[in-house]
Amino acid sequence: MAETWKFIHAADIQVGSPRSFRFQPAWNENWETAKQQIIEKKPEFLIVGGDLTRDGYIHRYELEQMKSDFDQLPFPVHVIAGNMDAGNKHTQITGPIENRDDTALGITYSMAAQFQEVFGALWWDAEYEEVRVIGICDMLLGSGLPQETEMVSWLKSLKPSGANQYTIWVMHYALYMDSFSEPNFDITKKDQYFNWYFSVDHPHRDLLFSIFKKVGCTTVISGHIHCRHTDVFEGITFTYAPATCFPQFEHRWCDADPTLGFLEYTVCPEALHNKFVPLRSTSTAEGYGPGGHPPASMRDYSLAWEK
Ligand SMILES: [Fe+2]
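Below you can see the structure in the form of structure tokens.
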């Protein structure tokens, strides 16, 4: 590897299929743009921070399509699951959004197993010279699934990084919205719902943070929010990553920037730099079907462009 080298983080790609009850070709075209820009940068590897598919948790073929897409790239790709790939974070109470049954949308054993079958792992630990990258499936936390037990046991077994290593943690949900110590948001309250939807609850937040400290984490990159933002807490940089599919939450923080793009990390002998790379063009192609999380009864496959 050269003295100075690069890796890329991209998230919230949400490539869909015209075989589905909904499809936004603009998001597929945006990924093609991002992919070309990433290839031109010649990174040593690519990290995908979840939500690679529009509805991979419903359609296995969307996961397989993205696996095949990543396999054609000329560098290794490390992928974590997002909620659109394997199901949402768990709740036993549903929120106030119409046609959204939060209790039914949580990750299940079979959704997690399906992602694992296609991508090989739900959590992983990779090293490239002085950079260590750890990826997890944070939606498992609080699910009560056997995969949660396995992942937590693995998390507790992680060894501390070497003193000369940059340790990058990759997860889909944000660890917190405004501050680590904020209490859990109330899913039933309209003005708190999206804060609940985008963040990890205590006590899982505390568990993860204790592991970050133990391994010597320097940076945590999350996705899911589709809006760039940075916070530093106890020496760890929390980077909220941009999306490539569509922007949202532009007024959530003073530094919030929902511009579509990806993160480019440059590893130098004395430092790790990151910069935002905007998409050089964004598609306006129109698609069909509902947004959000419609129940199965509202998924109309007769709309599909490809039968
Ligand atoms: Fe997401």
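In this note's numbering, the protein residues as written are 703 to 1009.
Quick reminder that beta carbons are idealized off the backbone N, C-alpha and C, glycines included.
Residues bridged to residue i [DSSP beta-bridge criterion]
i           : result
residue 897 : None, per the DSSP bridge assignment.
residue 977 : 966
residue 939 : 921 and 934
residue 725 : 990
residue 829 : 834
residue 959 : 930
residue 902 : The partner list for residue 902 (beta bridge, DSSP) is empty, contrary to what the question assumes.
residue 876 : 901
residue 755 : 717
Beta-carbon spacing of residue i, residue j below 8 Å
i            : j           : result
residue 926  : residue 895 : no
residue 872  : residue 835 : yes
residue 1051 : residue 732 : Look at the range of the chain in this structure, 703 to 1009, and you will see that residue 1051 is not part of it.
residue 797  : residue 943 : no
residue 945  : residue 713 : yes
residue 841  : residue 789 : yes
residue 793  : residue 889 : yes
residue 706  : residue 968 : yes
residue 903  : residue 929 : no
residue 723  : residue 981 : no
residue 824  : residue 917 : no
residue 799  : residue 775 : no
residue 966  : residue 708 : yes
residue 957  : residue 920 : no
residue 878  : residue 901 : yes
residue 753  : residue 803 : no
residue 843  : residue 814 : no
residue 866  : residue 832 : yes
residue 882  : residue 897 : no
Residue range of the beta strand (DSSP E) that includes residue i
i            : result
residue 780  : 779 to 781
residue 1017 : Coverage of the chain is limited to positions 703 through 1009, which leaves residue 1017 absent and any answer about it impossible.
residue 872  : 868 to 872
residue 807  : Unbroken run through residue 807: none, as it is neither H nor E.
residue 748  : 747 to 750
Terminal residues of the alpha helix (DSSP H) in which residue i lies
i           : result
residue 917 : 906 to 917
residue 815 : 811 to 821
residue 857 : 848 to 859
residue 800 : Note, residue 800: premise wrong, no alpha helix (DSSP H); not H, not E.
residue 765 : 762 to 773
residue 785 : 785 to 788
8 Å contact criterion, which residue i and residue j should meet: CB distance rounded
i           : j           : result
residue 845 : residue 809 : 5 Å
residue 975 : residue 807 : Not quite, the Cβ-Cβ distance comes to about 38 Å (not below 8 Å), so this is no contact.
residue 711 : residue 923 : 5 Å
residue 747 : residue 779 : 7 Å
residue 782 : residue 838 : 7 Å
residue 725 : residue 991 : 6 Å
residue 715 : residue 947 : 6 Å
residue 745 : residue 777 : 6 Å
Contact test: residue i Cβ vs ligand 3 heavy atom, cutoff 7 Å
i           : result
residue 803 : For ligand 3, the structure offers nothing, since it holds only ligand 1.
is_contact[residue i, chain D] using C-beta, thresh 8 Å
i           : result
residue 707 : Considering every chain present, this structure includes no chain D. It has just one protein chain.
- Are the stretch 759 to 775 and the stretch 713 to 725 touching, with three or more C-beta to C-beta distances below 8 Å? Flag = yes, the stretch 759 to 775 and the stretch 713 to 725 touch.
| query | Touch check for the stretch 727 to 746 and the stretch 979 to 988: three-plus C-beta pairs under 8 Å? | reply | A contact exists between the stretch 727 to 746 and the stretch 979 to 988.
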